[in-house]
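Engineer: Mind looking over this structure? Questions follow.
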Amino acid sequence: MDIVKIILMSFFSITELFIITKIIGNRQMSELNMFDYINGITIGSIAAEMATSLDEDLKAPVIAMIVYGISTILISYISSKSISARRILIGKSIILFKNNKLYKNNMKIAKLDLNELLTQCRINGYFDINQIDTIILESNGKISILPKSEYRPLTPFDTATYVPTESIQPSVIIDGKILSKNLKYTGKNIEWKKTIIQSKHLRHI
37 MDIVKIILMS
47 FFSITELFII
57 TKIIGNRQMS
67 ELNMFDYING
77 ITIGSIAAEM
87 ATSLDEDLKA
97 PVIAMIVYGI
107 STILISYISS
117 KSISARRILI
127 GKSIILFKNN
137 KLYKNNMKIA
147 KLDLNELLTQ
157 CRINGYFDIN
167 QIDTIILESN
177 GKISILPKSE
187 YRPLTPFDTA
197 TYVPTESIQP
207 SVIIDGKILS
217 KNLKYTGKNI
227 EWKKTIIQSK
237 HLRHI
């Protein structure tokens, strides 16, 4: 019976974790700051403990997960409405290097040493720090690098070259099924699709 209960509770905790994550939003995956990171770990730990706990009272872990989820949403909302609150709750960007000058005090605040900074530069494709104009530590812990003008990649704008505008091409057939809305979006019709399929010598979608 204990095994059955653990299995059922695992599915229940996964479901609740999924719902909370969807409510919180994709920020948990793409733009983790320190608060999001801690909250994400805590919510996951509570969900895991709830799944393996054999106690009858499930209210405590469920309420705890909800409270942590609501806290994350509130912090995100407050941060989006107030710059001052955002700097306190999430942090702010820190300039580490600019105009050939290394900001040592900011390096101490960021808990980075020169070797770690140079490693991040190499990871971003800059093996010579003289090619860099500015290095910024973002609030989510990532390093942003602005190269000097003479070292940045060449673009069509630099050569006054006209480049036709490109747009996202939607998929019209996936797993053997026609996506009617996508097909309509492209301005094509079923007859066009049949022509393309025949030109590829395919008998079925």
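Using the working numbering, read the sequence shown as starting at 37 and increasing by one per residue. Where a beta carbon is used, it is the ideal one built from N, C-alpha and C, also for glycine. Note that the coordinates shown come from a computational prediction; the quantities given were computed from them, not determined experimentally.
#1: Could you check which residue in I59, S175 and T191 has the C-alpha nearest to that of I124?
#2: Might you give, ordered along the chain, the residues of its own chain that have their beta carbon closer than 8 Å to the beta carbon of V98, omitting 5 neighbours on each side?
#3: Tell me T195's beta-bridge partners as DSSP assigns them.
#4: Grab the span of the alpha helix (DSSP H) containing K236 for me, first residue to last.
#5: Rounded to the nearest angstrom, what separates T195 and I168 at their Cα positions?
#6: Which residue or residues does DSSP assign as beta-bridge partners of T170?
#7: Distance check for R188 and G177, CA to CA, integer angstroms please.
#8: In terms of alpha-carbon separation, which member of V103, G105, K128 and Y104 lies closest to S115?
#9: Which class does K213 belong to by DSSP, given the choice of helix, strand or coil?
#10: Output yes or no for whether 8 Å exceeds the beta carbon distance between I179 and Q156.
#11: Given this structure, state the Cα-to-Cα distance separating F193 from V199, to the nearest angstrom.
#12: Between the alpha carbons of I118 and F133, how many angstroms are there, rounded?
#13: Whose CA, out of I74, T88 and K58, lies closest to the CA of L44?
#14: Could you compute how far the alpha carbon of H237 sits from the alpha carbon of K213?
#15: Am I right that Y139 and I131 are in contact with their C-beta atoms under 8 Å? What's the rounded C-beta distance?
#16: Is it true that the CB of I56 sits closer than 8 Å to the CB of I79?
#17: Assuming V208 and L190 form a contact by the criterion Cβ under 8 Å, report the distance between their Cβ atoms to the nearest whole angstrom.
Structural biologist: Taking the geometry as given:
#1: Position 88 of the sequence shown, counting from 1, holds the residue named residue 124. When only C-alpha atoms are compared, the closest one is S175.
#2: On the sequence shown, residue 98 is found 62 positions in, with the first residue counted as 1. Answer for V98: E52 and M86, listed in chain order.
#3: The residue given as residue 195 occupies position 159 in the sequence shown. None; T195 has no bridge partner.
#4: Looking up residue 236 in the sequence shown gives position 200. First-last for K236: undefined, no H or E at that position.
#5: What you label residue 195 is simply residue 159 of the sequence shown in a count that begins at 1. What you label residue 168 is simply residue 132 of the sequence shown in a count that begins at 1. About 22 Å.
#6: Taking the first residue of the sequence shown as 1, we reach residue 170 at position 134. BP columns for T170 point to K134 and L182.
#7: By one-based count along the sequence shown, residue 177 stands at place 141. By one-based count along the sequence shown, residue 188 stands at place 152. Going from the Cα of G177 to the Cα of R188 covers about 23 Å.
#8: The count along the sequence shown starts at 1 and reaches residue 115 at position 79. Closest by alpha carbon: K128.
#9: The residue labelled residue 213 in the question sits at position 177 within the sequence shown. Looking at K213 - three-state DSSP - the assignment turns out to be strand.
#10: Sequence index remark: in the sequence shown, residue 179 carries index 143 (1-based). Sequence index remark: in the sequence shown, residue 156 carries index 120 (1-based). Yes, these two residues count as a Cβ contact at 8 Å.
#11: Position 157 of the sequence shown, counted from the first residue, corresponds to residue 193. Position 163 of the sequence shown, counted from the first residue, corresponds to residue 199. Each residue's Cα considered, the two are about 9 Å apart.
#12: Counting from one through the sequence shown, the residue named residue 118 turns up at place 82. Counting from one through the sequence shown, the residue named residue 133 turns up at place 97. It is worth fixing the name first, because residue 118 is Ser in this sequence and not Ile. Rounded to the nearest angstrom, the two C-alpha atoms are 28 Å apart.
#13: The residue given as residue 44 occupies position 8 in the sequence shown. Ranking I74, T88 and K58 by Cα distance to L44 puts T88 first.
#14: Locating residue 237 in the sequence shown gives position 201, where the first residue counts as 1. Locating residue 213 in the sequence shown gives position 177, where the first residue counts as 1. Approximately 18 Å between the Cα atoms of the pair.
#15: The residue you call residue 139 lines up with position 103 of the sequence shown. The residue you call residue 131 lines up with position 95 of the sequence shown. Y139 to I131, Cβ: 6 Å. Contact.
#16: Numbered from 1 along the sequence shown, position 43 holds the residue referred to as residue 79. Numbered from 1 along the sequence shown, position 20 holds the residue referred to as residue 56. Contact flag set, yes.
#17: Within the sequence shown, the letter at position 172 stands for residue 208. Within the sequence shown, the letter at position 154 stands for residue 190. Actually they do not touch by this definition, with Cβ atoms about 35 Å apart.
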